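This report concerns only the one structure given below.
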Amino acid sequence: MKPQTSQNGVVAVCILKGGMGKSTIAINLAHRLQENYGETVYVDVDKNGHGTEFLGFGNAYSKNGHLEEVIFRDTHPSELVIETECGFSVVPSSTEMSTINDRMKNQMNADVILKNEVVDPLRADGYEYVVLDTPGDPSKVADNALVAAQSFIVPVIPGQGSISGLERIMESQLLPIIEATDGAADILAITPNMLSESIRPNKPDRRLLEDLNRNWADYLPPYARITDEQWEQIDANGRGDIPLPGIRERDALSDSFSNNEPVAQYDASCDQIKHFDTLAEIVAERA
2 MKPQTSQNGV VAVCILKGGM GKSTIAINLA HRLQENYGET VYVDVDKNGH GTEFLGFGNA
62 YSKNGHLEEV IFRDTHPSEL VIETECGFSV VPSSTEMSTI NDRMKNQMNA DVILKNEVVD
122 PLRADGYEYV VLDTPGDPSK VADNALVAAQ SFIVPVIPGQ GSISGLERIM ESQLLPIIEA
182 TDGAADILAI TPNMLSESIR PNKPDRRLLE DLNRNWADYL PPYARITDEQ WEQIDANGRG
242 DIPLPGIRER DALSDSFSNN EPVAQYDASC DQIKHFDTLA EIVAERA
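Every number in my numbering is 1 more than the matching position in the sequence shown, counting from 1.
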């Protein structure tokens, strides 16, 4: 029997490839957790800081020194927390993330620094959920985020390199962590993201969905699963009442970041919010 995840309320949104929509997933997940389950903090440790910028905190991203003081000195991470109109709190990324990454390599217990200095103190402050927006390339910061979380959501998008990015993070990082923890760490979901409306044969969306349902079905959330019989029905008679699987591109999703908001706050009618609610439910039950 697979060991149960030791719940700590911490989840990392992660994949070893940029442009997968990690920040979109992480920000909207944080918002739905806050709305439905409890106090949530979004922690951006991606050196690119896209999530921090999306939420309107570019000035915090450009301000060096503070995150480094938390990780390597005695500054408490609560001093970095930004309270937002979105409900959830934010610990912003910083332009100094590359320097922090290099310094981590030379520290004792280098893989648990982020857990010890940032994540655990935030949990002790009363945050029920911590959502980590992780780097899209191999790094000591990425290792730290995955060790701190031990619960993972992996977004993938149609197109070249997406599945290879999934395979790389599974083989080089996630599966070794799961093995090292004797199965206590957990992949909560692999979610197709940024899909178009087309699921016709030989199109990128179709190839991605077929690959995920063929090779990674155990990790797919309910909204991403589609059976062979459903594919046959789609190809013979059209989609009918079969819902489009995966998280779809929507103007509301992209426009919400221009307004520095999660999509449910920007446009409560967006039909993709229910998928972020599903991910939040999975996190609340298992992370």
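Beta carbons are placed, not taken as given, at the ideal position from N, Cα and C, and that holds for glycine.
Keep in mind that this is a model prediction, so the values were computed, not measured.
Within the continuous beta strand (DSSP E) that includes T41, where are the two ends? Against the sequence shown, residue 41 aligns to sequence position 40. Boundaries of the beta strand (DSSP E) around T41: 41 to 45.
Can you give me the Cβ contacts of R201 inside the same chain, cut-off strictly under 7 Å, excluding the 5 residues immediately before and after it? Locating residue 201 in the sequence shown gives position 200, where the first residue counts as 1. Contacts found: R207.
Does the separation of the CB atoms of N194 and G247 fall below 8 Å? Here residue 194 is taken as the residue at index 193 of the sequence shown, counted from 1. Here residue 247 is taken as the residue at index 246 of the sequence shown, counted from 1. Cβ distance < 8 Å, so N194 and G247 count as in contact.
Limits of the unbroken alpha helix (DSSP H) element including D236: Within the sequence shown, residue 236 is the residue found at index 235, counting from 1. Secondary structure note for D236: its alpha helix (DSSP H) is the uninterrupted segment 229 to 238.
Please work out which residues of its chain come closer than 8 Å, Cβ to Cβ, to P177, disregarding the five sequence neighbours upstream and downstream, and give them in chain order. Counting from one through the sequence shown, the residue named residue 177 turns up at place 176. No residues qualify anywhere along the chain.
Since I200 is in the alpha helix (DSSP H), which residue starts that stretch and which ends it? Within the sequence shown, the letter at position 199 stands for residue 200. In the DSSP assignment, I200 falls outside any alpha helix (DSSP H) and carries neither an H nor an E.
Is there at least one Cβ from chain B nearer than 8 Å to D138's Cβ? Reference to chain B is not applicable here, since this structure consists of a single protein chain.
For R33, tell me which candidate among Y267, A288, A281 has the shortest Cα-Cα distance. Residue 33 sits at position 32 when you count from the first residue of the sequence shown. R33 has its Cα closest to that of A281, out of Y267, A288, A281.
Stretch pair the region 10 to 30 + the region 145 to 155: three plus CB contacts closer than 8 Å: Judged by Cβ distances under 8 Å, the region 10 to 30 makes contact with the region 145 to 155, as three or more pairs qualify.
Selected residue, minimal CA-CA separation from F73, among R249, D242, M105: Numbered from its first residue, the sequence shown carries residue 73 at position 72. Residue nearest to F73 within the set R249, D242, M105 is M105 (criterion: CA-CA distance).
Under a three-way DSSP split, which group does F153 fall into? Position 152 of the sequence shown, counting from 1, holds the residue named residue 153. Judged by DSSP in its simplified three-state form, F153 adopts strand.
What is the rounded straight-line gap between the Cα of E118 and the Cα of D47? On the sequence shown, residue 118 is found 117 positions in, with the first residue counted as 1. On the sequence shown, residue 47 is found 46 positions in, with the first residue counted as 1. Roughly 17 Å between the two C-alpha positions.
Assuming D252 is part of the alpha helix (DSSP H), what are its boundary residues? Counting from 1 along the sequence shown, the entry for residue 252 is found at position 251. Element bounds for D252: 252 to 259.
Buried or exposed for G39, going by 16 or more other Cβ atoms inside 10 Å? Along the sequence shown, read from residue 1 onward, the residue named residue 39 stands at position 38. Exposed.
Return the chain-ordered list of same chain residues with a C-beta closer than 7 Å to the C-beta of P4, the five sequence neighbours on each side being excluded. Within the sequence shown, the letter at position 3 stands for residue 4. Unreliable placement is indicated for P4, whose pLDDT of 37 sits below 50; the coordinate value is still reported in the next sentence. Closer than 7 Å at Cβ, skipping near neighbours: D183, G184, A185.
Length of the line joining the Cα atoms of E211 and L196: Here residue 211 corresponds to residue number 210 of the sequence shown, with the count starting at 1. Here residue 196 corresponds to residue number 195 of the sequence shown, with the count starting at 1. So the two alpha carbons sit approximately 13 Å from each other.
Counting pairs of Cβ atoms below 8 Å between the region 68 to 88 and the region 233 to 250, do you hit three or more? As far as the Cβ criterion goes, the region 68 to 88 does not touch the region 233 to 250, which means the pair count is below three.
Out of curiosity, what's the CA-to-CA distance linking T279 and A285? Your numbering for residue 279 matches position 278 in the sequence shown. Your numbering for residue 285 matches position 284 in the sequence shown. For T279 and A285, the distance between alpha carbons rounds to 10 Å.
Short Cβ contact (8 Å threshold) for E54 with Y62: Translated into the one-based positions of the sequence shown, residue 54 becomes position 53. Translated into the one-based positions of the sequence shown, residue 62 becomes position 61. Yes.
Can you give me the Cβ contacts of N107 inside the same chain, cut-off strictly under 6 Å, excluding the 5 residues immediately before and after it? For the purposes of this step, residue 107 is identified with residue 106 of the sequence shown, where counting begins at 1. In the same chain as N107, and ignoring 5 residues on each side of it, no C-beta atom comes closer than 6 Å to its own.
Roughly how many whole angstroms lie between the Cα atoms of I179 and E233? The residue labelled residue 179 in the question sits at position 178 within the sequence shown. The residue labelled residue 233 in the question sits at position 232 within the sequence shown. If I take the Cα positions, the gap works out to 36 Å.
Where does A186 fall in DSSP's three states? In the sequence shown, residue 186 corresponds to position 185, counting from 1. Looking at A186 - three-state DSSP - the assignment turns out to be coil, as it is neither helix nor strand.
Can you look up A13 in the DSSP assignment and give me helix, strand or coil? Reading the sequence shown from its first residue, position 12 is the one you call residue 13. Strand at A13.
Here's the rule: buried if 16 or more other CB atoms are within 10 angstroms of the residue's CB, otherwise exposed. What is N203? Position 202 of the sequence shown, counted from the first residue, corresponds to residue 203. Exposed, since its Cβ has fewer than 16 Cβ neighbours within 10 Å.
Buried or exposed by the 16-neighbour rule on C-beta atoms within 10 Å, applied to M98: Looking up residue 98 in the sequence shown gives position 97. Buried: at least 16 other Cβ atoms inside 10 Å.
Determine, using beta carbons only, whether A190 and P222 come nearer to each other than 8 Å. As a working mapping, residue 190 is identified with position 189 in the sequence shown. As a working mapping, residue 222 is identified with position 221 in the sequence shown. Between A190 and P222, the C-beta spacing is below 8 Å.
Under the three-state reduction of DSSP, which class applies to R74: helix, strand or coil? Position 73 of the sequence shown, counting from 1, holds the residue named residue 74. Of the three classes helix, strand and coil, the one that applies to R74 here is coil, per DSSP.
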